[in-house]
Amino acid sequence: MTTPTFPTLRPRRLRQNATMRRMVQETTLSPADFIYPLFVRTGTGIKNPIGSMPGQFQLSLDMLAAEVKEVQTLGIPAVILFGIPAQKDACGSDNYDPHGIVPSAIRVIKEATPDLLVLSDMCFCEYTDHGHCGVINQPGADHYNASLPEGYLLNDPTLELLGRASVVHAQAGADIIAPSGMIDGMVGGIRQALDAEGFTHIPIMSYAAKYASNFYGPFREAAEGAPSFGDRSQYQMDPANSREALKEVAIDVAEGADMIMVKPAMPYLDIIAAVRRQYSLPVAAYQVSGEFAMIHAAAANGWLNLEKSALESLMCIKRAGADMILTYFAKDAARWMV
Ligand code: PBG
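In the numbering used here, the protein residues as written are 169 to 506.
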């Protein structure tokens, strides 16, 4: 028997008009797929535009209620919070201060929009004076370990602080904790800390496969969290590796992650697809600041159509296997889709 081919097969039959194309469309995109990142800071009346991320702002707490009501009205189910604290210190204490910037923002949002889910990005880089994602090995500083190199991120002391901050965020009303520091044992450590305080119902979305990516560039301006020395390749993944991503995901699943994330998204679609194939947990992908900025920059030059390119990028991230997308395009995309 011969396999039918042209002229028997004509794939264009199913592309002949919009209704036919819609009927056979395999992937769909909806505002319910999005998680919108928000940058919150101290002060009043502040709506600071982030230069490298058109249409994105750092907002003070009094500006938040209007923002989250708009997000909810657009049908977006969740926001994720990044805080810019008034004071930074060696251990990022603002992150576990009940009156710190993110716990305060969580309370404001839960009051304004109780049904909007609040994810708390659980990491220390925005709160430490050295800009790294946890406690750093420095002579004279807490937890100094002479056996480890200077400047090394101290894993286990960081775990304790992650647990402590997660409990504070849960007490403030966070619905989901999203550890993003690529600290070994972070999911298990946070699970244990939450459970010990009775927060057994709070899910963990782990940034399980997070790469040491240059595409985070604009975020450093947005969150004022660039490392003061070195980079994050001691703890985030090497862009060259994909088997290692599956190992990272396996560890986080074993530690109790409820959802897993791959980050960035578009240059890492192969990773999203591989994770989707191997795991049954919900998979999120983070379309990061640099991906957003690139599309905007090209559109500003007249080289790309902003709306169509942004929607295509989001559709492709879903097609690769993401159930949810963290994206700065969330609000615009929700408007474009109606
Ligand atoms: C914190 C964190 C970063 C991003 C999200 N959480 C920065 C980093 O790891 O350097 C990047 C998000 C973006 O670029 O949009 N660890």
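Quick reminder that beta carbons are idealized off the backbone N, C-alpha and C, glycines included.
S457 CB to nearest heavy atom of the ligand PBG below 6 angstroms: yes
Reduced DSSP secondary structure (H/G/I, E/B, other) of L197: Collapsing the DSSP output to three states places L197 in coil.
Three or more C-beta pairs below 8 angstroms linking the stretch 346 to 356 and the stretch 319 to 333: yes
Closest Cα partner of D420 within the set T187, D257, V443 and C301: V443
Same chain only: Cβ atoms within 7 angstroms of D438, ignoring 5 sequence neighbours per side: S410
The ligand PBG heavy atom lying under 6 angstroms from the CB of Y384: yes
Closer than 6 angstroms: S348 CB and nearest the ligand PBG heavy atom: yes
Proximity winner among C293, R181, V276 and C291, relative to L285 (alpha-carbon distances): V276
Pairwise C-alpha distance: Y496 and D426: Annotation: D426 to Y496 spans about 23 angstroms, alpha carbon to alpha carbon.
Residue burial classification, P175 (beta-carbon count within 10 angstroms, cutoff 16): The residue in question, P175, is exposed, as its Cβ has fewer than 16 Cβ neighbours within 10 Å.
N382 - DSSP class collapsed to helix/strand/coil: helix
D289: CB within 6 angstroms of a non-hydrogen atom of the ligand PBG: yes
Exposed unless 16 or more other CB atoms sit within 10 angstroms - verdict on H267: Result: exposed.
DSSP three-state assignment for T176, whether helix, strand or coil: The answer is coil: DSSP assigns T176 none of H, G, I, E or B.
E194 classed as buried or exposed, judged by whether at least 16 other C-beta atoms fall within 10 angstroms: exposed
DSSP state of G357 mapped onto helix, strand, coil: helix
Straight-line Cα distance separating E480 from R470: Note that residue 470 is Gly in the sequence shown here, rather than Arg. Looking at the two C-alpha atoms, the distance is approximately 17 angstroms.
Any non-hydrogen atom of the ligand PBG closer than 6 angstroms to F387 Cβ: yes
Terminal residues of the alpha helix (DSSP H) in which F460 lies: S457 to A468
Cβ-heavy atom distance, C259 to the ligand PBG, below 6 angstroms: Outside the cutoff, so no.
Inter-residue spacing [alpha-carbon to alpha-carbon] between M483 and L316: 45 angstroms
Inter-residue Cα distance where the pair is A246 and T170: 52 angstroms
Contiguous alpha helix (DSSP H) assignments of at least 4 residues, all confined to the stretch 267 to 336: 269 to 280
Heavy atom of the ligand PBG within 6 angstroms of C293 beta-carbon: yes
Euclidean distance between Cα positions of E412 and A376: 11 angstroms
Own chain, CB closer than 8 angstroms to S228, minus 5 neighbours either side, in chain order: V208, R209, T210, G211, T212, G213, I214 and K215
Whole-angstrom C-beta distance between D201 and I493, which should lie under 8 angstroms: Indeed they touch by this definition, with Cβ atoms about 6 angstroms apart.
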